[in-house]
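Trainee: Numbering (this note's numbering), first residue to last: 66 to 214.
Structure in structure tokens, see below.
Laid out in structure tokens, this is it:
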């Protein structure tokens, strides 16, 4: 087996890789909760979470807010609409798009998931000192800004 060239990139030392792995691990851990209890996939929950937080949005706005591909957002919206968790209303400002909002049932599920998500966040980061959590949040914001998000 050959040794890597000096100066060659070791994947384990590549910060974007580390960030991706950490993000996937956290997302998958939280996804267990809403998949097993509520039958929601990660993209569906992300759409619901953003709608619950921001209110009515178009699919384009959802794609921007979730940093998900338009096709994934479209699929998630269709699945949520079929389950009666999201509804569409005409967009008065653009006849080609619709605003999506959580239905009362969607709001109920959102309200049941949020405390579970907060509890998972507490388990993952609760042992961190407050200053470290705040610094981590600032660093993540810098990463998003640097990536154009």
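Note that beta-carbon positions come from the ideal geometry of N, C-alpha and C, so glycine has one too.
Note that the structure is predicted; figures quoted are calculated from it, not measured.
For residue 149, tell me which candidate among 205, 189, 172, 106 has the shortest Cα-Cα distance.
Mentor: Closest option to residue 149, Cα to Cα, is 172.
Trainee: Please classify residue 167 as buried or exposed, where buried requires at least 16 neighbouring CB atoms within 10 angstroms.
Mentor: When all chains shown are included, residue 167 counts as buried.
Trainee: Checking the sheet assignment: what are the DSSP bridge partners for residue 122?
Mentor: Looking at the DSSP assignment, residue 122 forms a beta bridge with 165.
Trainee: Return the first residue and the last residue of the alpha helix (DSSP H) that residue 151 is part of.
Mentor: Not the alpha helix (DSSP H): residue 151 falls in the beta strand (DSSP E), residues 151-155.
Trainee: List the endpoints of the continuous alpha helix (DSSP H) containing residue 79.
Mentor: Element bounds for residue 79: n/a, residue is neither H nor E.
Trainee: Nearest CA to the CA of residue 184: which residue from 91, 85, 74, 75?
Mentor: It is 91 whose Cα lies nearest to the Cα of residue 184.
Trainee: Once you ignore the five residues that flank residue 139 on each side, which residues in its own chain have a CB closer than 7 Å to its CB?
Mentor: Excluding sequence neighbours, residue 139 sits near 124.
Trainee: Using 10 angstroms around the beta-carbon of residue 193, count the other beta-carbons present and answer buried if the total reaches 16, otherwise exposed.
Mentor: Answer is exposed; the Cβ neighbour count stays below 16.
Trainee: Which of the three DSSP states, helix, strand or coil, is assigned to residue 175?
Mentor: DSSP places residue 175 in helix when its eight states are reduced to three.
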